[in-house]
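Written below as structure tokens is the structure these notes are about.
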Amino acid sequence: MGDGPDVYSSNCMIDLYCENSMVQEAESVFKNLKRRGEANEFSHAMMLCLYKKTGRFAEAYEIAQEMKALGLLTETLSYNNVISLYASDGRMKEAVENFQQMLASGVRPNDATFGLLGVVLLRRGASKEAIKHLETVRTRDAQSGVREWVKALCSMQGDLCTEHAWFSSKRVQIRLGKSVGVTPQGEEVGLPHSLRRMGQCTFTQVVNMGTLLLHALSSGSLVKYN
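Counting in the working numbering, the sequence shown tops out at residue 771, every number present.
And the structure:
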């Protein structure tokens with residue numbers, strides 16, 4: 546195996562190096578994966594995590610932009626790493642924007658995601674009691690809970706976002722083999738894996754109560770993603 550370990554083994558090595566803050570060793574493995582055209586979403590996510598962990602924010606932001614450009618933001622872990630990067634660097638608006646993109650892409654947030662958003666709200670002046678209330682609502686009803694989080698994020702600071710932007714509809718053309726749809730205005734919209742196999746079609750995207758509902762027409766069939 547003169548060209549280095551396979552992708553799985555290489556990613557395990559990067560993960561191990563990340564845990565131990567071994568930047569040079571991780572970079573060596575990552576560069577080899579990129580040279581072979583095999584660096585995947587996990588490879589990038591772990592390098593972003595490593596750079597953030599070691600305070601190398603310039604490199605971390607470079608990885609984040611690369612992931613977006615390559616369509617490598619499709620998993621909860623990846624979005625959490627990006628949100629954490631912006632939040633830890635005090636860039637709260639970008640942290641919230643990435644959460645918005647996460648919901649619009651159909652990627653489901655988890656407990657870690659909301660933990661990061663709690664940090665954003667605390668830094669914006671929210672009380673711990675308010676955060677606890679949001680978590681209580683989310684525990685009772687996940688969809689209503691997500692919407693309450695969105696309202697809280699939007700109400701804390703008007704410059705972070707507007708609630709209307711989170712709950713809207715649009716027509717999007719899906720391009721075969723792509724991880725994003727492109728609107729007539731040129732806006733890219735992330736697509737869940739279940740729709741990427743469908744090829745060229747048009748769907749209506751509706752973010753409702755924090756859940757992405759997609760109705761897509763392809764060869765006369767109706768598909769609902771929930």
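Just so you know, even glycine gets a beta-carbon here, dropped at the ideal spot from N, CA and C. The structure displayed is predicted, hence computed values, not measured ones.
From which residue to which residue does the alpha helix (DSSP H) around residue i run?
{"i": "residue 658", "result": "656 to 668"}
{"i": "residue 593", "result": "586 to 598"}
{"i": "residue 679", "result": "673 to 685"}
{"i": "residue 580", "result": "568 to 580"}
{"i": "residue 615", "result": "No alpha helix (DSSP H) contains residue 615, which DSSP labels as neither H nor E."}
{"i": "residue 560", "result": "552 to 564"}
{"i": "residue 641", "result": "637 to 649"}
Any idea if residue i is buried or exposed, counting beta-carbon neighbours within 10 angstroms, 16 or more meaning buried?
{"i": "residue 576", "result": "exposed"}
{"i": "residue 614", "result": "exposed"}
{"i": "residue 638", "result": "exposed"}
{"i": "residue 580", "result": "exposed"}
{"i": "residue 554", "result": "exposed"}
{"i": "residue 625", "result": "buried"}
{"i": "residue 674", "result": "exposed"}
{"i": "residue 677", "result": "exposed"}
{"i": "residue 660", "result": "exposed"}
{"i": "residue 658", "result": "buried"}
{"i": "residue 597", "result": "buried"}
{"i": "residue 784", "result": "The requested residue 784 does not occur in the structure, where the chain is confined to residues 546 to 771."}
{"i": "residue 562", "result": "buried"}
{"i": "residue 663", "result": "buried"}
{"i": "residue 685", "result": "exposed"}
{"i": "residue 556", "result": "buried"}
{"i": "residue 603", "result": "exposed"}
{"i": "residue 623", "result": "buried"}
{"i": "residue 643", "result": "buried"}
{"i": "residue 689", "result": "exposed"}
{"i": "residue 566", "result": "exposed"}
{"i": "residue 709", "result": "Any answer about residue 709 is weak, because its pLDDT of 44 lies below 50 and its placement is not dependable; what the coordinates show is given next. It counts as exposed."}
(request) State whether the region 670 to 685 contacts the region 622 to 636, with contact taken as three or more CB pairs (one from each stretch) at a distance under 8 Å. (result) no
(request) Would you check if the region 597 to 617 and the region 647 to 654 touch, i.e. whether three or more CB-CB distances between them fall below 8 Å? (result) no
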